[in-house]
Structures are given as structure tokens and as C-alpha cells.
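In our numbering, the protein residues as written are 299 to 539.
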């Protein structure tokens, strides 16, 4: 790991997400609806729905909003039908960016995403242009100071793929996406609660940005995050605080 703090970077990201809680509720509700439509309304038998509901609870989303989002997906309540689509491109310094969207109007969404890239110094590329720079995996991050040996033993026993020790003392547990819930539940049962946990697209390598480049890149990410149809953004960029 390079000189920046992985832990500080994750805390910064969480803080920015918390500032946009209203938008976060809307996004996770969409994900719950789509997951329920695709795999049914019971989280016990629908891993994608379980992940979405866990995320909603982590954001303190009210139970009635969660239930309504599920009902929209199963058809018990009327709702919009969303289409999943991913856009790829480049930000400042050639940093890779992937943007996952749920939309009811692809023409509107692609225009908005392209405009955000162009306005803030990036450019949208073709399908697959940066996807190879990311690994689809489950990721759990534990705060510095945790019992490293005990966590590693529990993670390996639970079926984790990798344990990463960061220079700042934080520890990452990586899993196969399909095993994420199983490993997380096992670690929870063993008393290890991650500060941050999700199925994600993890950069295989990072693009460090500082000064004006970091400021410009953050503006691009903020512009993309501000779009209603955007669900998740993945980037190789790491900005100095």
C-alpha cells in the first residue's frame, strides 16, 4: 500500500455518503426493488436482496420504506421498472471510473453521465475499457487496532479468499462475491464487526492524485454521485486528504 491512509480514505468516503443520506435512501430503495423483482421478496433466499436490506439498515432507513421497496419489486405495490446499466470511462490522470446505474430512461442517463465526464475533465469510454482494472469481490474493512491474528484465523476458517494488512493498521478481508454473506455472518458470530462491508469492484491498482488533480477528480465524482440514476461509482483514484 502506498503512503496514503486506507482507513482515512474509507472514512472520508463514508462521511460523504452520510452527508447525502436522502439520496442514499433513494438509491438503496431502488436496489431493494430490483433485487426483489429478480429473486423474490424473502432476503433469506435472495442474497442480493439480503445485501440491499443490510445496506438500508446500516443507513438507518425506516423499516416501512424497506418493506415498501420490496413490495414494489414483488408487484404488491405499483412501482417503476428499472434497467441496470454500467458506464465506464476515465477521470483525471487517467484514473479508471465505473458508474453503475438503475434507470427507467437509458437515453437520459447516458446523456447525463457523459455530460458529467466531459464537464469535469474526464471522458466516457466504451464497454469494457476499464473493467479489467477491477476485481468483483466482497470486501470487509476492520479498524486499526483489531486483533490481527484472531481475525485472520476466523476469516480463513470462514472461507475468505484473502486477508490484506494495510500500512495504517486497518485490515481488509476479501471474499468471493457469492460467499460474502457467509463469511460476514461467520465473522459477526465470532465477534468481528467490520466498519465497512460490501460487494464491490475493487481496484487492482490505484491512481494516486494530489493537489489540483485531486480536487478536479473529486468534483467529477461528486457530479456523477449527484445524478439520480447513479447507484455506485468505482474508481482507481485515491485522493490525498
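Just so it is clear, CB atoms sit at the ideal spot from N, CA and C, and this is done for glycine as well.
### Task
Specify the secondary structure class of residue 537 as computed by DSSP and reduced to three states.
Walking along the chain shown from the start, residue 537 turns up at place 239. In the structure shown, residue 537 sits in a strand (DSSP, three-state: E or B).
### Task
Take residue 349 as the anchor and find which of 506, 431, 531 and 495 has the nearest alpha-carbon.
By 1-based counting over the chain shown, the position of residue 349 is 51. Out of 506, 431, 531 and 495, 495 has the C-alpha closest to the C-alpha of residue 349.
#### Entry: Between the CA atoms of residue 411 and residue 335 - distance to the nearest angstrom
For this step, residue 335 is matched to residue 37 along the chain shown. For this step, residue 411 is matched to residue 113 along the chain shown. The straight-line gap from Cα to Cα measures roughly 26 Å.
### Query
Per DSSP, what kind of secondary structure is residue 359 in: helix, strand or coil?
Counting from 1 along the chain shown, the entry for residue 359 is found at position 61. Coil, per DSSP.
### Query
What separation, rounded to the nearest whole angstrom, lies between the Cα atoms of residue 326 and residue 529?
If you number the chain shown from 1, residue 326 lands on position 28. If you number the chain shown from 1, residue 529 lands on position 231. Straight-line Cα distance between these residues: approximately 8 Å.
#### Entry: Inter-stretch contact at 8 Å, needing at least 3 Cβ pairs: the stretch 445-465 / the stretch 508-526
no
#### Entry: Burial state of residue 375, where buried means 16 or more other Cβ atoms lie within 10 Å
As a working note, residue 375 is residue 77 in the chain shown. Burial call: exposed.
#### Entry: Reduced DSSP secondary structure (H/G/I, E/B, other) of residue 424
Within the chain shown, the letter at position 126 stands for residue 424. In the structure shown, residue 424 sits in coil (DSSP, three-state: anything other than H, G, I, E or B).
### Query
Looking only at C-alpha atoms, which of 363, 358, 342 and 395 sits nearest to residue 504?
Sequence index remark: in the chain shown, residue 504 carries index 206 (1-based). Cα-wise, what sits closest to residue 504 is 395.
### Query
In or out: residue 360 buried (at least 16 other Cβ within 10 Å) or exposed?
Indexing the chain shown from 1 puts residue 360 at position 62. Answer is exposed; the Cβ neighbour count stays below 16.
### Task
Rounded to whole angstroms, what's the CA-CA distance from residue 382 to residue 470? Just pull it up for me.
Here the question's residue 382 lines up with position 84 in the chain shown. Here the question's residue 470 lines up with position 172 in the chain shown. Distance between the alpha carbons of residue 382 and residue 470 is about 28 Å.
### Task
Report the residue ranges of all beta strand (DSSP E) runs contained in full by the stretch 393-458; include only those spanning at least 3 residues, in chain order.
394-401 and 432-440
### Message
So residue 534 and residue 342 are supposed to be a Cβ contact under 8 Å. How far apart are they, rounded?
### Response
As a working mapping, residue 534 is identified with position 236 in the chain shown. As a working mapping, residue 342 is identified with position 44 in the chain shown. Actually they do not touch by this definition, with Cβ atoms about 36 Å apart.
### Query
With distances taken from CA atoms, which of 440, 331 and 418 is nearest residue 378?
As a position in the chain shown, residue 378 is number 80, starting the count at 1. Answer by Cα proximity: 331.
### Task
Mind checking which residues open and close the beta strand (DSSP E) that includes residue 387?
For the purposes of this step, residue 387 is identified with residue 89 of the chain shown, where counting begins at 1. It spans 381-388 - the beta strand (DSSP E) in which residue 387 sits, taken as one unbroken run.
### Query
Is residue 436 near residue 478, with beta carbons less than 8 Å apart?
As a position in the chain shown, residue 436 is number 138, starting the count at 1. As a position in the chain shown, residue 478 is number 180, starting the count at 1. Yes; because the gap between Cβ atoms is below 8 Å, this pair is in contact.
### Query
Quick one: what's got a C-beta closer than 8 Å to residue 423's C-beta in the same chain, skipping five residues either side?
On the chain shown, residue 423 is found 125 positions in, with the first residue counted as 1. For residue 423, where only same-chain residues beyond five positions count, the Cβ hits under 8 Å are 386, 387 and 388.
### Task
Determine, using beta carbons only, whether residue 468 and residue 440 come nearer to each other than 8 Å.
Reading the chain shown from its first residue, position 170 is the one you call residue 468. Reading the chain shown from its first residue, position 142 is the one you call residue 440. Yes, the Cβ-Cβ distance between residue 468 and residue 440 is below 8 Å.
### Query
Does DSSP put residue 526 in a helix, a strand or coil?
As a working note, residue 526 is residue 228 in the chain shown. Of the three classes helix, strand and coil, the one that applies to residue 526 here is coil, per DSSP.
### Message
Taking 7 Å as the cut-off, is the beta-carbon of residue 528 closer than that to any non-hydrogen atom of the ligand MG?
### Response
This structure lacks the ligand MG; in fact it carries no ligand of any kind.
### Task
Compute the beta-carbon to beta-carbon distance between residue 474 and residue 459, rounded to the nearest angstrom, for a pair I have assumed lies under 8 Å.
Translated into positions along the chain shown, residue 474 becomes position 176. Translated into positions along the chain shown, residue 459 becomes position 161. About 6 Å separates the CB atoms of residue 474 and residue 459; that is less than 8 Å, so the two are in contact.
### Message
On the criterion of 16 or more Cβ atoms from any shown chain inside 10 Å, does residue 402 qualify as buried, or is it exposed?
### Response
Residue 402 sits at position 104 when you count from the first residue of the chain shown. Classification for residue 402: exposed.
### Query
Quick one, are the C-beta atoms of residue 420 and residue 518 less than 8 Å apart?
Residue numbering aside, residue 420 sits at position 122 when the chain shown is read from its first letter. Residue numbering aside, residue 518 sits at position 220 when the chain shown is read from its first letter. Yes, the Cβ-Cβ distance between residue 420 and residue 518 is below 8 Å.
### Query
residue 487: buried (16+ other C-beta within 10 angstroms of its C-beta) or exposed?
Numbered from 1 along the chain shown, position 189 holds the residue referred to as residue 487. Looking at its Cβ environment, which holds fewer than 16 other Cβ atoms inside 10 Å, residue 487 is exposed.
### Query
Which of the three DSSP states, helix, strand or coil, is assigned to residue 494?
Residue 494 sits at position 196 when you count from the first residue of the chain shown. Looking at residue 494 - three-state DSSP - the assignment turns out to be strand.
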